[in-house]
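Using this note's numbering, you'd call the opening residue of the sequence shown number 17 and step up by one each time.
For reference, the structure discussed in these notes is given below.
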Amino acid sequence: MSNNRYQRQICLKQVGEDGQQKLLQAKVAVIGCGALGSSVANNLARAGIGFLRLIDGDTVNISNLHRQQIYSEEDVRQNCNKAVAARKFLLAANSEIEINSFPHYLNQGNAGLALSGVDLIIDATDNFSSRMLINELTIEQNTPWVHGAVLGFEGRVILFQPGQGCYRCLVPSIPSPAIIPKPEEYGVFGPLAVIAGSLQATEAIRYLINPKDYSSRLLSIDIWHQQMQVIGFQRKESCPFCSDLRSGS
Ligand SMILES: [Zn+2]
Numbered sequence: 017m018s019n020n021r022y023q024r025q026i027c028l029k030q031v032g033e034d035g036q037q038k039l040l041q042a043k044v045a046v047i048g049c050g051a052l053g054s055s056v057a058n059n060l061a062r063a064g065i066g067f068l069r070l071i072d073g074d075t076v077n078i079s080n081l082h083r084q085q086i087y088s089e090e091d092v093r094q095n096c097n098k099a100v101a102a103r104k105f106l107l108a109a110n111s112e113i114e115i116n117s118f119p120h121y122l123n124q125g126n127a128g129l130a131l132s133g134v135d136l137i138i139d140a141t142d143n144f145s146s147r148m149l150i151n152e153l154t155i156e157q158n159t160p161w162v163h164g165a166v167l168g169f170e171g172r173v174i175l176f177q178p179g180q181g182c183y184r185c186l187v188p189s190i191p192s193p194a195i196i197p198k199p200e201e202y203g204v205f206g207p208l209a210v211i212a213g214s215l216q217a218t219e220a221i222r223y224l225i226n227p228k229d230y231s232s233r234l235l236s237i238d239i240w241h242q243q244m245q246v247i248g249f250q251r252k253e254s255c256p257f258c259s260d261l262r263s264g265s
């Protein structure tokens, strides 16, 4: 059954039998099961990532359904936690992998437990404080992670590799919360969330199959204007978060 399940993927020379084995052995945590997370998790589960930990404290709301394609009206009626509902949906699509739900918001107190034992982390959150926490922990744990963000028709995706730069190399100063546009006011285009999540899943799979040849670049997309940019990324020597100059190292 497994061979048939992944046949169209295994026959891609970039994946092959070896690549599929690496995916089946990989352990990935998806932080946030909303717009991006539901798309990433859907892709990763179907691709055969052997272990997924889904992390989200939120429940499924009717306003989620236009873009979060793994949830149903029944999930809304039952006020289901997203990590729990996502696990159920994804196991129905692939019962041959292990999926663990962690039905809590990530915070300083539970992050160590939530992110333990994984090879790669997906940032599918929608706020800077979670990203800062993920950035800090992944530097400490030497764990690669894929950042994703969407708003309106625009999105961006980048995979950070251990020792090769961090989120703060890319975003040196965090904007004040007062000027950050809120998705509930600004909107998120449904197809964009699916595409950006698929791009995150792609980068995760590319890295897991061949980390030695992976090169981090920022993918920036404006779906309404059919534009996609690929921007080079390098670690900032002066970064106070990931450089050797940071305090305490
Ligand atoms: Zn940095």
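Beta carbons are placed, not taken as given, at the ideal position from N, Cα and C, and that holds for glycine.
Every value quoted in this text rests on a predicted model; they were computed, and no experiment measured them.
How would you call H82, buried or exposed, if buried means at least 16 neighbouring beta carbons within 10 angstroms?
Counting Cβ neighbours within 10 Å, H82 comes out exposed, since fewer than 16 surround it.
Just checking, does the stretch 86-106 make contact with the stretch 35-55 on the three C-beta pairs under 8 Å criterion?
Enough Cβ pairs lie closer than 8 Å, so yes.
Pull every residue with its beta-carbon under 5 Å away from any heavy atom of ligand 1, and keep them in chain order.
C182, R184, C185, C255, F257, C258
Taking I150 as part of the alpha helix (DSSP H), name the residues at either end of that continuous run.
144-157
Could you give the distance in angstroms between the alpha-carbon of D91 and the alpha-carbon of S54?
14 Å
In chain order, what residues of the same chain lie with their CB nearer than 7 Å to the CB of D238, ignoring the 5 residues before and after it?
F169, E170
Would C182 pass as an interface residue toward chain D - the criterion being a Cβ-Cβ separation below 7 Å?
In the structure shown, chain D cannot be found, because there is only a single protein chain.
Mind reading off the beta-carbon distance from I138 to C182? Whole number of angstroms is fine, and I expect it under 8 Å.
The Cβ separation is near 16 Å, so there is no contact.
Would you grab the beta carbon distance between Q84 and G164 for me? Rounded to a whole angstrom, and I think it's under 8 Å.
Not confirmed; about 14 Å, so no contact.
Considering only the alpha carbon of each residue, which of I113, F105, V76, G32 lies closest to L68?
I113
In angstroms, rounded to a whole number, what distance separates the CA positions of Y230 and Q94?
Their Cα atoms are separated by approximately 42 Å.
When DSSP labels each residue in this structure, what does N77 get in the three-state scheme?
coil
Express the C-alpha separation of Q250 and E26 in angstroms, rounding to a whole number.
The sequence given here has Ile at residue 26, not Glu. Each residue's Cα considered, the two are about 32 Å apart.
Taking C-alpha atoms, which residue in R103, G64, V44 lies nearest to R24?
G64
With respect to the alpha helix (DSSP H) encompassing K16, which residues constitute its N-terminal and C-terminal limits?
With the chain covering only 17 through 265, there is no way to say anything about residue 16.
Could you check if I115 is buried or exposed, using at least 16 other CB atoms within 10 Å of its CB as the buried criterion?
buried
To the nearest angstrom, how far is it from the Cα of A86 to the Cα of A109?
It should be noted that the sequence gives Ile, not Ala, for residue 86. In a straight line, the C-alpha of I86 is about 11 Å away from that of A109.
Note down the Cα distance separating L149 from Q124, rounded to an integer number of angstroms.
If I take the Cα positions, the gap works out to 7 Å.
I'd like the ranges of any alpha helix (DSSP H) spanning at least 4 consecutive residues and lying wholly in the stretch 94-130.
Secondary structure in the stretch 94-130: the alpha helix (DSSP H) runs of 4 residues or longer, each lying completely within the stretch, are 98-109, 127-130 in chain order.
Looking only at DSSP bridge pairs, what is V46 linked to?
L70, I138
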